[in-house]
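Residue numbers (UniProt numbering): 1 to 142.
Glycine included, C-beta positions come from ideal geometry on N, C-alpha and C.
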């Protein structure tokens, strides 16, 4: 089932294009009891990222919710607050992540923030598909 939800998130990420550029097109779905209860994708530059859009779309209790995200949540403050920090303070306890962000400002730092906050993170679900789609839009490590 994890693959199914990640593929939904990947399809959502395509809706971000071209308006999200130069940010990568990321998708996020929230799943509770086998049902998609929230979703989001990266908005125009300076707007919400996928994770924040998904959290904002769901007004219920996050207990038992799993987030499926196509790219590691950002750990740094730029035009928007860090998504990893928002997730860390949301009450979410489980997150499934397709791939790490190769951007040197992030690469593993978002994952570490989530884990430090007690969020159980599964990494690598549909990584090949996410990487194939996202690669042209990602900053490479320095």
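Boundaries of the alpha helix (DSSP H) harbouring residue 14: 2 to 14, taken from the DSSP string.
The residue from 45, 102, 34, 114 with its alpha-carbon nearest to that of residue 6 is 34. DSSP places residue 72 outside any alpha helix (DSSP H), giving it a letter other than H or E. Per DSSP, the continuous beta strand (DSSP E) segment holding residue 28 begins and ends at 27 to 32. Between residue 134 and residue 121, the gap from beta carbon to beta carbon reaches 8 Å or more. For the pair residue 67 and residue 75, the CB atoms are not nearer than the 8 Å cut-off. The C-beta distance from residue 16 to residue 26 rounds to 7 Å, short enough to meet the 8 Å contact threshold.
With a cut-off of 8 Å on Cβ pairs, the segment 36 to 56 is in contact with the segment 84 to 100, counting three or more such pairs. In the displayed model, residue 121 falls within a strand according to three-state DSSP.
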